[in-house]
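K.L.:
For the sequence shown, numbering that gives the first Met the number 0 gives the first residue as 0, with consecutive numbering after it. Attaching a single structure in structure tokens format; questions to follow.
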Amino acid sequence: MACGIVVVGSSWGGVTALGRLLKGLPVDLAAPVVVVQHRRDAPSVLARLLEQQTGWRVCDAADKDALVAGTVYLAPAGYHLLIERPGHLSLSTEGPVRFARPSIDVLFESAAAAYRRGVIGVVLTGTNDDGAAGLAAVVARGGRAVVEDPASAERPAMPLAALATGIAATVLPLDDIGAHIGTLCGPAAIPA
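Here you go:
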């Protein structure tokens, strides 16, 4: 099964968790990584922090961005981030979902619709249930679900909510998730 996109959702404790996840991903990952972290920071603060910590190219997503493997796209504070069609992002200012904008469910559901079996959805630490319905949508469309082991999560509510949906998910300690994604996606093709 080819991997077209990795979507990640995190909340409380997510900045640290995202840094650890990105450090564990292979640098030649064959897919873009799109992230919703519940946040209120100024544009690019989180992107700069993660880029400095991990060596990945990290940017705040812009409306109509084209997705590129080897790049991490962050939902900007105050905007929902959606996969408009395979390979392209869009932003929305529609109302909060599960009290959040950006919403993990919105990202995951749009990724599932666009990429179907090519999605890997990842739910990390957090204190609410955002991401549970979205991860169920990923699995319903044939994608794969990875959930941080609640025992390793700074705040286990989000991983527990995802698992409570009853979906088939791989549950791993945080520091094992990056390598697992690498085995599912494989390396990016090197241009001739």
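Glycine is no exception: its CB is placed at the ideal position from the N, C-alpha and C atoms. The model shown is predicted, which means the values in this text are computed figures rather than measured ones.
Alpha carbon to alpha carbon, how far is Ala191 from Gly181?
P.N.:
At Ala191 the pLDDT is 35, less than 50, meaning the model places this residue with poor confidence and gives no usable figure here.
K.L.:
Determine contact between the segment 41-59 and the segment 152-165, defined as no fewer than three beta-carbon pairs at a distance below 8 Å.
P.N.:
no
K.L.:
Thr15 by DSSP, collapsed to three states: which one?
P.N.:
helix
K.L.:
Can the beta-carbon of Ser109 be found less than 7 Å from the beta-carbon of Leu81?
P.N.:
Cβ distance < 7 Å, so Ser109 and Leu81 count as in contact.
K.L.:
In chain order, what residues of the same chain lie with their CB nearer than 6 Å to the CB of Arg140, ignoring the 5 residues before and after it?
P.N.:
Ala111, Arg115
K.L.:
Could you give the first and the last residue of the continuous alpha helix (DSSP H) run that contains Tyr72?
P.N.:
Run containing Tyr72: none in the alpha helix (DSSP H); it sits in the beta strand (DSSP E), 70-73.
K.L.:
Indicate the three-state DSSP secondary structure (helix, strand or coil) for Val33 in the structure shown.
P.N.:
strand
K.L.:
Just how far apart, CA to CA, sit Asp27 and His79?
P.N.:
28 Å
K.L.:
Measuring CA to CA, which of Val138, Ala113, Leu171 is closest to Gly3?
P.N.:
Ala113
K.L.:
Quick check: the Cα distance between Gly177 and Pro25, rounded to an integer number of angstroms?
P.N.:
7 Å
K.L.:
Going straight from the alpha carbon of Ala167 to that of Gly77, what length do you get?
P.N.:
Whole-angstrom Cα-Cα distance: 31 Å.
K.L.:
Just confirm the distance between the C-beta atoms of Thr124 and Gly13, as a whole number of angstroms; I'd bet it's less than 8 Å.
P.N.:
6 Å
K.L.:
Just to check my reading of the structure: Glu147 and Leu173 have Cβ atoms closer than 8 Å, yes? What is that Cβ distance to the nearest angstrom?
P.N.:
5 Å
K.L.:
In three-state terms, what does DSSP make of Leu88?
P.N.:
strand
K.L.:
Quick one: what's got a C-beta closer than 8 Å to Val34's C-beta in the same chain, skipping five residues either side?
P.N.:
Val6, Val7, Gly8, Ser9, Leu17, Val71, Tyr72, Leu73, Ala74
K.L.:
Tell me which residue opens and which closes the beta strand (DSSP E) that Cys58 is part of.
P.N.:
56-59
K.L.:
Are Gly86 and Leu106 close, meaning C-beta to C-beta below 7 Å?
P.N.:
Against a cut-off of 7 Å, the Cβ pair of Leu106 and Gly86 comes out as no contact.
K.L.:
Quick check: what's the CA-CA separation for Gly69 versus Thr15?
P.N.:
20 Å
K.L.:
Run through the DSSP bridge pairs and tell me what Ser9 is partnered with.
P.N.:
Gln36
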